[in-house]
Amino acid sequence: MKFAVEVKGLRKTFCSGWFKKRKTEALKGLDLNVPEGALWGILGPNGAGKTTLLSILSTLLTPEEGEVRVLGLDVCNNALDICRRINLSSGHANFLWSLTVRENLEYYAMLYGISGKKRKQKVEALLDLLNLRDFAGVRFDELSTGTKQKLALSKALVNDPELLLLDEPTVGLDPDVAHRLRDYIRQRHHETATTILLTTHNMKEAEDLCEQVAFIKDGTIKARGKPQDLKRDLGLGDTILITYKGSLPASALESMEGVYHLHVNNATCRVLVDDHRARLPHILELFIGEKISIHDLRIQESSLEDVFIAYTR
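The numbering of the sequence shown is the working numbering, which starts it at 100 and goes up by one.
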């Protein structure tokens with residue numbers, strides 16, 4: 100398996116203060132491997148080290164200890180080559196305030212060495228890609244927050260990156276704008292197989308977009324995996340609550356695949372499963388086969404937010 104990102108023993112410390120300097124360890128021996136073509140999320144509380152990690156991967160910061168390779172290249176010795184092949188979009192878009200949307204895109208295309216007719220074609224394509232054409236002549240300081248985010252994402256695609264780093268891409272956006280941006284990120288990944296690594300505080304966003312997530316706390320990776328697997332490991336499955344009439348074959352229900360726990364109280368059973376979408380049809384088949392009538396059925400779905408809380412306590 101080829102990895103787009105390889106991190107081993109990464110450490111980064113920041114110093115603050117003048118007379119009495121204070122040291123803050125942002126990353127403490129962090130390890131992480133991200134396969135090529137993956138769409139992964141980096142989750143964690145404020146100050147956990149998420150943005151520091153992305154800044155190192157994008158060569159904006161240098162690691163003080165550890166090995167970091169991006170697209171097979173060492174970040175300390177091959178920063179320029181890496182920059183040509185990756186791009187970064189921040190959730191706090193900051194561009195040249197007096198330039199228009201088109202001028203900003205042309206400026207960044209020029210920085211990436213795209214010249215002449217090819218640059219013009221690229222800028223025009225990016226304006227259409229995220230519906231920015233109506234704002235092409237508008238200065239950056241006159242744009243709405245959502246349009247600024249679209250510009251940030253468009254800029255991040257100007258060099259057709261092999262690795263796209265998204266730092267809170269939908270923060271502060273209206274729900275409809277955030278939804279459209281998520282759809283585009285998903286579509287981009289599906290059509291181009293670009294490796295995408297994003298940070299977010301929106302657990303629903305991470306669960307909808309990411310194939311796998313990694314939880315950072317105190318500068319290290321606490322857990323990594325598919326959201327469904329992390330729920331299972333923590334016993335945070337979905338709860339199916341059924342009120343019924345009849346004789347329940349508890350042993351048969353407990354032994355079903357994906358059932359973590361069964362609690363029966365009078366004519367109500369509470370079934371903890373890994374994923375209610377996968378397990379409910381089989382549970383209903385058992386009830387029908389045993390001729391047990393169901394009076395009420397409710398589902399309490401666990402979420403990635405529950406996993407986040409468990410790992411960040």
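Where is the CB? At the ideal position from N, CA and C, for every residue including glycine.
Computed from a prediction, not measured in an experiment: that's the story for all the values here.
The way I'd put it, the stretch 104-114 does touch the stretch 124-136; three or more beta-carbon pairs between them come closer than 8 Å. Contact between residue 229 and residue 252 holds, since their C-beta atoms are separated by about 6 Å, short of 8 Å. When the Cα atoms are used, residue 239 and residue 183 turn out to be separated by approximately 25 Å. Leaving aside the five residues that flank residue 100 on each side, the residues in its chain whose CB is nearer than 6 Å to its CB run, in chain order, 134. Its Cα nearest to that of residue 409, the residue 316 stands out among 241, 356, 192, 316. Here residue 181 is buried: its Cβ has 16 or more other Cβ atoms, across all protein chains shown, within 10 Å. The straight-line gap separating the alpha-carbon atoms of residue 313 and residue 150 is approximately 14 Å. Within the stretch 112-200, the complete beta strand (DSSP E) segments of 3 residues or longer fall at 121-134, 138-142, 164-169, 185-189, listed in chain order. Across the set 407, 366, 371, 382, the C-alpha of 366 shows the shortest separation from the C-alpha of residue 394. Residue 359 sits close to residue 334, with the two beta carbons spaced by under 8 Å. In the same chain as residue 147, and ignoring 5 residues on each side of it, the C-beta atoms closer than 6 Å to its own belong to 315, 316, in chain order. DSSP places residue 365 in the coil class of the three-state scheme, outside both helix and strand. Considering only 291, 211, 242, 210, the residue with the shortest C-alpha distance to residue 137 is 291.
Bridge pairing for residue 343: 393 [DSSP]. Going by DSSP, residue 324 is part of the beta strand (DSSP E) stretching over 319-324. Residue pairing of residue 266 in beta bridges, as defined by DSSP: 189, 298. Here residue 294 is near residue 261, since their CB atoms are less than 8 Å apart. For residue 108, the three-state secondary structure derived from DSSP is strand. The continuous beta strand (DSSP E) containing residue 313 extends over residues 311-316. Under the three-state reduction of DSSP, residue 337 is assigned to strand.
In this structure, residue 231 sits near residue 249, with a CB-CB distance shorter than 8 Å. The continuous stretches of alpha helix (DSSP H) do not include residue 237, and DSSP gives it neither H nor E. Cβ atoms of residue 338 and residue 144 stay farther apart than 8 Å, at about 26 Å. Boundaries of the alpha helix (DSSP H) around residue 227: 215-228.
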